[in-house]
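These notes are about the structure you will find just below.
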Amino acid sequence: MKNRKIFLKVICLVGTMLFIAVSFAQEIRILNAAEIDEIAYEGDLDMPVFRGFEYRDGGGLWDMLLLENNYVAGSDTATNSSIKGILYLQDHGGYLKKTEFKDFIKEEEGDIRFWTSYCSFTDLDGDGYIDPVVVYASYKGKDKSDEEPLRVKIFVFYKTAKIGVRAQECALDACRTLKFDKSYAALPLSIRRHVLQLMEIMRTERGVILKDG
């Protein structure tokens, strides 16, 4: 009886520790402008930071920065010709760049910007590591007069590897595409399900087709 009580106490203690660990692992917050200016990120920031996220998981403390070249805080009229995303790992007071991506408008496009309402920072496969998902789109209108997306991209950062889903929107079947990176098929099923569910939400809310042909 005594041994059983000890066993139950140990189980409760382990359960509590696991709960604390999981809660700690999923800590995330949005960085404010003053913090970003103070950190400076090794001089990598060659355009304004539209949004910065800090999160902690089993791999340490991370910063994900989303940059838009013409972003102005409080303005809803600025359009961008380029964007950038950078993932840093905080290391002994410094910031190690782990992954970076850039994109630019094409000749027929007038704007490109992040869709942060569809971005997420969650441990999607339960391995103790957060799997960031970043979404952005390009548009035809330079003055935001045409809000119909031309290109939509979804990036999943799995163990710092950037894995993409790329859609070209078009009214005609012949010019509409949806491409998945080769490494997408190797992602855990729970992550692939999340991406497909996210695409369905964007179809409903944004009116995008997200289809090949």
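Residues 4 to 216 in our numbering are what the sequence shown spells out, letter by letter. Every residue gets a Cβ at the ideal spot worked out from N, C-alpha and C, and that includes glycine. In this text, all values refer to a predicted model and were calculated from it rather than measured experimentally.
Whole angstroms is fine: what's the gap from T180's alpha carbon to E172's?
7 Å
Would you identify the three-state DSSP class for M205, choosing helix, strand or coil?
helix
Can you grab the Cα-Cα spacing for the pair G217 / C178, in whole Å?
Look at the range of the chain in this structure, 4 to 216, and you will see that residue 217 is not part of it.
For S78, which of L127, P51, L201, L175 has the nearest alpha-carbon?
P51
Nearest to M205 by CA position, among I86, N35, P152, D215, is which residue?
P152
Could you tell me how far apart the beta carbons of L90 and L70 are, in whole angstroms, since I believe they sit closer than 8 Å?
At roughly 12 Å, the Cβ-Cβ gap does not stay under 8 Å, so L90 and L70 are not in contact.
Taking only the alpha-carbon atoms, compute the straight-line gap between Y82 and I166 and give it to the nearest angstrom.
For the record, residue 82 in the displayed sequence is Thr; it is not Tyr. The alpha-carbon atoms of T82 and I166 are separated by roughly 26 Å.
With 16 other CB atoms within 10 Å as the buried threshold, where does V137 fall?
buried
Does the distance from the CB of I86 to the CB of R116 come in under 9 Å?
yes
Considering only the beta carbon of each residue, do G62 and L92 sit closer than 9 Å?
yes
Same chain, Cβ closer than 8 Å to I194, neighbours up to 5 away in sequence not counted
L127, D128, D134, V159, Y161
Based on Cα-Cα distance, which residue from E45, T163, R154, A188 lies nearest to V211?
R154
Quick check: the Cα distance between L199 and S84, rounded to an integer number of angstroms?
28 Å
With E30 and Y58 assumed to form a contact (beta carbons below 8 Å), what rounded beta-carbon distance in angstroms separates them?
6 Å
Give me the DSSP bridge partner(s) of Q171.
R154, T180
What is the rounded straight-line gap between the Cα of F27 and the Cα of K145?
Unreliable positioning characterises F27 in this predicted model, as indicated by a pLDDT of 44, which lies under 50. The coordinate reading is nonetheless provided below. Computed Cα separation, rounded: 43 Å.
Got a sec? Which residues, its chain only, sit under 7 Å from N2 by beta carbon, not counting five neighbours each side?
In the structure as shown, the chain starts at 4 and stops at 216, and residue 2 therefore has no counterpart that could be examined.
Answer yes or no: do W118 and Y139 have a C-beta to C-beta separation smaller than 9 Å?
yes
Identified DSSP bridge partners for T102
L90
Quick check: what's the CA-CA separation for D66 versus D60?
11 Å
For Y161, which of helix, strand or coil comes out of DSSP?
strand
Span of the alpha helix (DSSP H) holding D66?
Here D66 belongs to no alpha helix (DSSP H); instead the beta strand (DSSP E) covers 63-71.
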